[in-house]
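Asker: All letters in the sequence shown, in the order written, are residues 0 to 585 by numbering that gives the first Met the number 0.
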Amino acid sequence: MPRFRLNLRSKMMLFAAVIAMLPLLVAGQSLIRVARDELKSAANEQLAATAGRLTREFNTFFEYSLLTPLDLIRNAIGGDKLGSAEKIAILRQGIADLPDVVALQVDVENLPRPIVVAQEAYFEKLQSAFPTPMEVLRVDPATLDPLKASARSIVAITRVEETDDWLATASLPIEEGIGGRKATLFARINLARLGDLIANDPFARTGTIRVIDAQRRIVFSTQPGPYDHESVIAKALQLLDAGIATITVEPFVLADGSTSLAAIALPRAFPWGILVEKSEADAYRPITDMVRDLLKWLGIGLAAALLGAALFALGISRPILRITQTALRVAGGDLEARVGGVRTRDEIGDLAKRFNDMIVQLNERFELQKFVSRETMKAIQGSDRHTVSLGGERRRVAVLFADIRGYTAYAENRDPVEVVTVLNDYFQQLADLVAAHHGDIDKFVGDQIMAVFYGSHMTKHAAECAIAIMDGMERAASRTGADLAIGIGVHVGEVVAGAMGSRQRKDFTVLGDRVNLAARLCANAARGQTLITRDVLEDLPPKLAAQATALDPIAVKGKSRPVEVFALYKTAPAPVGAPAVGRHPG
Numbered sequence: 000m001p002r003f004r005l006n007l008r009s010k011m012m013l014f015a016a017v018i019a020m021l022p023l024l025v026a027g028q029s030l031i032r033v034a035r036d037e038l039k040s041a042a043n044e045q046l047a048a049t050a051g052r053l054t055r056e057f058n059t060f061f062e063y064s065l066l067t068p069l070d071l072i073r074n075a076i077g078g079d080k081l082g083s084a085e086k087i088a089i090l091r092q093g094i095a096d097l098p099d100v101v102a103l104q105v106d107v108e109n110l111p112r113p114i115v116v117a118q119e120a121y122f123e124k125l126q127s128a129f130p131t132p133m134e135v136l137r138v139d140p141a142t143l144d145p146l147k148a149s150a151r152s153i154v155a156i157t158r159v160e161e162t163d164d165w166l167a168t169a170s171l172p173i174e175e176g177i178g179g180r181k182a183t184l185f186a187r188i189n190l191a192r193l194g195d196l197i198a199n200d201p202f203a204r205t206g207t208i209r210v211i212d213a214q215r216r217i218v219f220s221t222q223p224g225p226y227d228h229e230s231v232i233a234k235a236l237q238l239l240d241a242g243i244a245t246i247t248v249e250p251f252v253l254a255d256g257s258t259s260l261a262a263i264a265l266p267r268a269f270p271w272g273i274l275v276e277k278s279e280a281d282a283y284r285p286i287t288d289m290v291r292d293l294l295k296w297l298g299i300g301l302a303a304a305l306l307g308a309a310l311f312a313l314g315i316s317r318p319i320l321r322i323t324q325t326a327l328r329v330a331g332g333d334l335e336a337r338v339g340g341v342r343t344r345d346e347i348g349d350l351a352k353r354f355n356d357m358i359v360q361l362n363e364r365f366e367l368q369k370f371v372s373r374e375t376m377k378a379i380q381g382s383d384r385h386t387v388s389l390g391g392e393r394r395r396v397a398v399l400f401a402d403i404r405g406y407t408a409y410a411e412n413r414d415p416v417e418v419v420t421v422l423n424d425y426f427q428q429l430a431d432l433v434a435a436h437h438g439d440i441d442k443f444v445g446d447q448i449m450a451v452f453y454g455s456h457m458t459k460h461a462a463e464c465a466i467a468i469m470d471g472m473e474r475a476a477s478r479t480g481a482d483l484a485i486g487i488g489v490h491v492g493e494v495v496a497g498a499m500g501s502r503q504r505k506d507f508t509v510l511g512d513r514v515n516l517a518a519r520l521c522a523n524a525a526r527g528q529t530l531i532t533r534d535v536l537e538d539l540p541p542k543l544a545a546q547a548t549a550l551d552p553i554a555v556k557g558k559s560r561p562v563e564v565f566a567l568y569k570t571a572p573a574p575v576g577a578p579a580v581g582r583h584p585g
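(1) Using the DSSP secondary-structure output, state which residues sit across from Trp271 in a beta bridge.
(2) Assuming the contact rule is C-beta atoms closer than 8 angstroms, Leu543 and Lys442 should be a hit. Round their C-beta distance to whole Å, please.
(3) Starting from the Cα of Leu171, find the closest Cα among Asn199, Asp164, Val138 and give me that residue.
(4) Give me the Cα-Cα distance between Ala182 and Leu69, rounded to the nearest whole angstrom.
(5) Mark Arg192 as exposed unless 16 or more other C-beta atoms lie within 10 angstroms of its C-beta, in which case mark it buried.
(6) Can you list, in chain order, the residues of its chain with a C-beta nearer than 7 angstroms to that of Glu62? Leave out the 5 residues immediately preceding and following it.
(7) Looking only at its own chain, which residues have a Cβ that is under 8 angstroms from the Cβ of Glu563, when we skip the five neighbours before and after it?
(8) Bridge partners of Leu547, per DSSP?
(9) Counting only the same chain and skipping the five closest in sequence on each side, list residues whose C-beta sits under 7 angstroms from that of Thr570.
(10) In terms of DSSP beta bridges, what is Lys352 paired with?
(11) Kindly indicate which three-state DSSP category Gln428 falls into: helix, strand or coil?
(12) The beta strand (DSSP E) with Ile156 in it runs from where to where?
(13) Could you tell me if Ile76 is buried or exposed, where buried requires 16 or more neighbouring beta carbons within 10 angstroms of its beta carbon?
(14) Evaluate Arg215 with the Cβ neighbour count: other Cβ atoms within 10 Å of its Cβ, from every protein chain shown; 16 or more gives buried, anything less gives exposed.
(15) Drop a sphere of 10 angstroms on the beta-carbon of Met357, count the other beta-carbons inside from all chains shown, and report buried for 16 or more, exposed for fewer.
(16) Name the one or two DSSP bridge partners that Glu392 has.
(17) For the region 218-234 and the region 133-152, state whether three or more C-beta atom pairs, one from each stretch, are separated by less than 8 angstroms.
(18) Please check the pair Phe452 and Ala465, which I expect to be a contact at CB under 8 angstroms, by giving their CB distance rounded to whole angstroms.
(19) Go ahead and label Leu510 buried or exposed: buried means 16 or more other beta carbons lie within 10 angstroms of its beta carbon, across all protein chains shown.
(20) Nearest by alpha-carbon distance to Gly527: which of Thr157, Pro113, Ile177, Asp402 is it?
(21) Taking the CB atoms as reference points, tell me whether Glu276 and Gly194 lie closer together than 7 angstroms.
(22) If we ignore side chains and look at the alpha-carbon of each, how far apart do Thr49 and Leu190 end up?
(23) Just confirm the distance between the C-beta atoms of Thr245 and Glu279, as a whole number of angstroms; I'd bet it's less than 8 angstroms.
(24) Going along the chain, which residues of its own chain have a beta-carbon closer than 7 angstroms to the beta-carbon of Gln428, five neighbours each way excluded?
(25) Given a cut-off of 7 angstroms on the beta-carbon distance, is the pair Gly488 and Ala517 in contact?
(26) Assuming the contact rule is C-beta atoms closer than 8 angstroms, Gly272 and Ile197 should be a hit. Round their C-beta distance to whole Å, please.
(27) Counting C-beta neighbours from all protein chains within 10 Å, is the total for Ile18 16 or more, i.e. buried, or is it exposed?
(28) Do you know how far the Cα of Leu320 is from the Cα of Phe14?
(29) Which residues in the same chain as Leu65 place their Cβ atom closer than 8 angstroms to its Cβ, once the five residues preceding and following it in sequence are excluded?
(30) If the criterion is Cβ atoms closer than 7 angstroms, does the pair Val398 and Val535 meet it?
(31) Determine, using beta carbons only, whether Gln126 and Pro113 come nearer to each other than 7 angstroms.
(32) So if DSSP puts Gly438 in a beta bridge, which residue, or which two residues, is it bridged to?
(33) I need the DSSP call for Thr420, collapsed to helix, strand or coil.
(34) Ignoring anything shorter than 3 residues or poking outside the region 87-152, list the beta strand (DSSP E) runs there in chain order.
(35) Once the 5 residues before and after Ala566 are set aside, which same chain residues still bring their CB inside 7 angstroms of it?
Following this line, the structure appears as structure tokens:
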């Protein structure tokens with residue numbers, strides 16, 4: 000399974016995204032938490048303040064706006080100081096001065112019929128819905144709770160379905176009585192002003208206000224339609240039943256799973272519960288707006304961070320990609336490649352410059368490698384020190400010397416450039432043939448090359464290389480028309496191989512008598528001839544040894560006795576008159 004890999008550009012964009020988002024998320028979370036707490040406190044205060052204000056206004060409406068003037072009327076009609084006509088006039092004047100009172104009724108003990116004075120405008124309104132409007136306005140004391148009726152308070156609240164009005168009945172016992180008999184003043188009060196008071200409350204723009212009675216009836220509401228907040232209703236009924244007048248503010252979980260914040264208050268004047276509500280979602284709407292704005296700015300910040308990171312990463316990754324592409328070209332052998340287009344004055348610019356310098360040095364070292372042998376490179380690479388130590392070791396190798404014959408005469412009357420070109424062409428062929436036969440060019444000496452062969456088949460490789468060189472020289476001479484030939488000497492045996500020279504200038508080569516003898520054989524070889532020693536002959540396979548012919552021994556410098564030599568041909572020579580040659584041990 001391939002491992003997941005992020006490139007530098009993706010990493011920088013991811014890092015920038017994290018850096019951009021983390022502070023906003025942390026700060027946003029803290030702000031939201033603080034704002035939620037503040038909004039919760041503010042919402043609770045608003046609910047409690049609204050419920051308290053409405054409670055006071057309800058109480059003020061009845062206790063001061065109605066009870067005070069009704070007390071005056073009650074006191075005025077009590078006793079026997081005024082006659083019936085004057086008392087009725089007071090009742091009529093009271094109706095005119097109190098627009099919320101739609102009827103005044105005086106009940107006197109043992110009188111068959113009460114005295115009822117109705118508000119003319121409301122009476123006409125009832126006439127459109129009832130044939131006998133006075134029956135709607137008249138109070139029947141028998142239907143009232145005697146304990147409540149004997150107190151100065153609201154004793155009943157009824158709803159007139161036909162006109163959609165709520166009428167409250169206030170009982171005011173006349174302490175002095177009338178004509179020595181007990182009497183009570185009843186006032187029928189239209190509560191429409193309380194409905195308008197709720198409908199016009201500023202809180203109705205953001206929440207809902209409802210008034211509920213002990214029979215679960217909605218008396219007033221700023222929001223039409225059914226009301227199914229059972230948990231709020233249950234709490235209000237509990238407070239009504241207990242008669243607790245304190246304001247309570249609580250969160251209520253509704254049937255649909257949402258949460259409603261509600262304040263419940265009980266006015267003294269009316270047996271109602273005032274419910275002031277706001278959904279938690281509406282109460283915390285600023286939080287929602289804050290989260291939305293936070294997400295918006297988070298998105299903007301993230302986009303800006305990603306864009307900046309992309310541009311920044313592009314400015315960094317593009318030079319790195321150029322360096323990478325150049326490195327791949329260098330790895331493929333293109334030492335002319337250079338990192339271009341990097342103009343930044345920073346570490347990446349320095350890296351590109353140093354990379355180009357490195358390529359130049361590699362190119363120089365690569366060119367320098369062409370001036371040393373393969374074994375020299377192996378010695379350098381295999382050294383466990385920083386430098387190759389001077390000294391050598393004994394090794395068995397096959398040594399081949401090849402000398403171009405006729406070169407001096409060829410070079411006398413020709414342009415040096417042409418001479419060098421032809422010589423390099425011959426050397427290139429010789430070097431290719433040596434490499435093809437697993438040999439190593441040790442050095443070029445004038446128009447001569449020295450090659451060394453290693454390994455278990457070194458003698459065979461050296462002999463085959465000599466044959467191939469002779470064949471290649473013949474083809475080259477026919478191609479160039481130059482009167483050039485080759486003389487080759489091959490010998491095998493132990494030599495000293497190692498680094499020779501000084502600390503400042505070294506040469507990894509092979510030295511010894513075997514090397515000198517190979518050079519002497521090359522010097523004694525005729526044009527187009529390869530001379531080998533018996534050691535070489537005896538180390539060749541039979542088929543290849545059969546291609547050698549014994550020659551007369553030759554005297555060479557450094558040897559006290561003549562050296563037995565053999566000429567190696569491309570094919571086995573004719574046996575007629577040929578002297579016997581040694582056989583390969585195998």
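All residues carry an ideal CB built from backbone N, CA and C; glycine is no exception.
Answerer: Put simply:
(1) Asp212
(2) That belief does not hold up - the Cβ atoms of Leu543 and Lys442 are roughly 27 angstroms apart, past 8 angstroms.
(3) Val138
(4) 14 angstroms
(5) Arg192 is exposed by the Cβ-count criterion.
(6) Taken in chain order, the residues that qualify are Ala268.
(7) Thr532, Arg533, Ala549, Pro552
(8) In the sequence on display, residue 547 carries Ala and not Leu. Per DSSP, Leu567.
(9) Gln546
(10) According to DSSP, which records beta bridges pairwise, Lys352 is partnered with nothing at all.
(11) helix
(12) Residues 152-159.
(13) buried
(14) Around the beta carbon of Arg215, a 10 Å sphere encloses fewer than 16 other beta carbons of the protein chains shown; the residue is thus reported as exposed.
(15) exposed
(16) Looking at the DSSP assignment, Glu392 forms a beta bridge with Ala496.
(17) Result no; under three Cβ-Cβ pairs closer than 8 angstroms.
(18) Between Ala465 and Phe452 the Cβ distance is about 11 angstroms, and since that is not below 8 angstroms, they are no contact.
(19) exposed
(20) Asp402
(21) no
(22) The straight-line gap from Cα to Cα measures roughly 19 angstroms.
(23) Glu279 and Thr245 do not touch by the CB rule: their CB atoms are close to 23 angstroms apart, not below 8 angstroms.
(24) Gly471, Ala475
(25) yes
(26) Between Ile197 and Gly272 the Cβ distance is about 13 angstroms, and since that is not below 8 angstroms, they are no contact.
(27) So Ile18 counts as exposed.
(28) 20 angstroms
(29) Leu97, Asp99, Val100, Ala169, Ala186, Ile188
(30) It is not a contact, given that the beta carbons lie outside the stated cut-off.
(31) no
(32) Phe452
(33) helix
(34) 100-107, 114-117
(35) Gln528, Thr529, Leu530, Ala547, Thr548, Leu550
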